[in-house]
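For the sequence shown, my numbering assigns the number 15 to the initial residue and increments by one for each residue that follows.
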Amino acid sequence: MTDEPDDHDHEFSAGQGLDEDYEEFTLDPPELNADPTAVDPVDTRVITDALDRRNIADDQVDVEQLLDVGLSYMGINRFEEATGTFERAAMYAEEDSLEAQEAWVNKGVAHAELEEYDEAIGAYEEALRIDDDSEHAATAETNLAYALWEFGRHEEALEHAERAVEIDPRFAQAWYNRGFFLLERGLAEDAVTAFNNAIRLGHRNADVLEEKARALEETGEHEEAEEVAEEAERLRQERERELVEEHGGSGPVNERAPGEQAGGAGGAGRGGGLGGNSGAGLGGDLEESLGGGIDGFESEDGGR
């Protein structure tokens, strides 16, 4: 066994070095200085956002295009990338504008798809802070209701579902979610009314009918409940046949459309409709969840 060398006996090269004031190697230019009391020191996005602001003027950013990119990420289930894109859209949108609100709602949808419900709640609350009575408010409220439910804050979830239908009484998806929350609270008669409103407004699928049948059972309407349950099963089988035909009978069939959330609420987006409801979004029919489940998210398109 050889003896360990004393300390560090390797002789490194040495030179004259550089003056302390040599600026070319400065790693912290004044533009990137940040208040350590206001910034998480481990948040690597701080430098990225600072560089964005320094190198790209606000008037050079097309916020609508950023929103479309985010929704494209949602469409291929790249939800983490979507959250970052929507965050940048909100950053470059005019402060407290409808575009900023749209970005926050969609950011919440992406977080919810990742089951990051705490972050989703924060995004929806920021959207509602901007405007709690705008064209995006009902979607923000019903999405917030879903995220709160998944986060275990059930009583608050019903409050926001109620608020969603107050803002937009023709929001079928919000009526469905309201019915689900009421049924979970044991208010079966009120739940039946909510489900009927959702169906009357065009939100008729197997999940809604299954929840309505469950509510009818709770109210003692067993015969009607059985009829509704049979219709729900028929609709589900028809949907499965359509999917098989669409796939040509080859390979496994995934009933969920790209970006679709199993169990959810309303939403915000451009294109199909995560949850397939009022507004535009990304999905279609939802797989059942939570015993039928509250409805899935849709993304807000801002009417564009």
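Glycine included, every Cβ here is placed at the ideal spot set by N, Cα and C.
Remember, it's a predicted structure, so these values are computed and weren't measured experimentally.
In chain order, what residues of the same chain have a beta carbon less than 7 Å from the beta carbon of residue i, not counting five sequence neighbours either side?
i, result
"A205", "G193, L196, L197, A229"
"H125", "T97, E133, A134, A137"
"A175", "T156, A159, A188, N191, R192, F195"
"E140", "W118"
"V242", "L223, K226, A227, L230"
"Q115", "A141, I144, D145, S148, H150"
"E170", "L162"
"R199", "L172"
"T207", "none"
"T99", "L80, V83, G84, Y87"
"E95", "Y87"
"R177", "E155"
By the three-class DSSP mapping on this structure, what secondary structure does residue i have?
i, result
"L215", "coil"
"L128", "coil"
"E133", "helix"
"G84", "helix"
"V267", "Since pLDDT at V267 reaches only 40, below the 50 mark, its modelled position is unreliable, and no value is offered."
"N120", "helix"
"V77", "helix"
"R192", "helix"
"R143", "helix"
"F185", "coil"
"E109", "coil"
"F209", "helix"
Where does the unbroken alpha helix (DSSP H) through residue i begin, and where does it stop?
i, result
"L162", "151 to 164"
"L201", "Here L201 belongs to no alpha helix (DSSP H), and DSSP marks it neither H nor E."
"V242", "236 to 260"
"D221", "220 to 232"
"E176", "168 to 181"
"L101", "Strictly speaking, residue 101 in this sequence is Glu, with Leu absent from that position. It spans 93 to 106 - the alpha helix (DSSP H) in which E101 sits, taken as one unbroken run."
Return the chain-ordered list of same chain residues with a C-beta closer than 8 Å to the C-beta of residue i, the five sequence neighbours on each side being excluded.
i, result
"A255", "Rather than Ala, the amino acid found at residue 255 in this sequence is Arg. If we look at R255 and ignore the five residues flanking it on each side, it has no Cβ neighbours."
"N210", "K226"
"G216", "A186"
Beta-carbon within less than 6 Å of residue i's beta-carbon, same chain only, minus the 5 sequence neighbours each way: which residues are those?
i, result
"D103", "Note on identity: in this sequence residue 103 is Ala, with Asp being the wrong assignment. Same-chain partners within the cutoff: V77, L80, L81, A117."
"L172", "F195"
"L142", "A154"
"I181", "A151, A152"
"V75", "Y106"
"H168", "none"
Using 7 Å as the limit for Cβ to Cβ distance, is residue i near chain C?
i, result
"E140", "Absent here is chain C; the protein component of the structure consists of one chain."
Touching or not, the region 110 to 117 and the region 86 to 93, by the rule of three or more beta carbon pairs under 8 Å?
-> no
Counting Cβ pairs, one atom from each stretch, are 3 or more of them under 8 Å apart for the region 153 to 168 and the region 118 to 129?
-> yes
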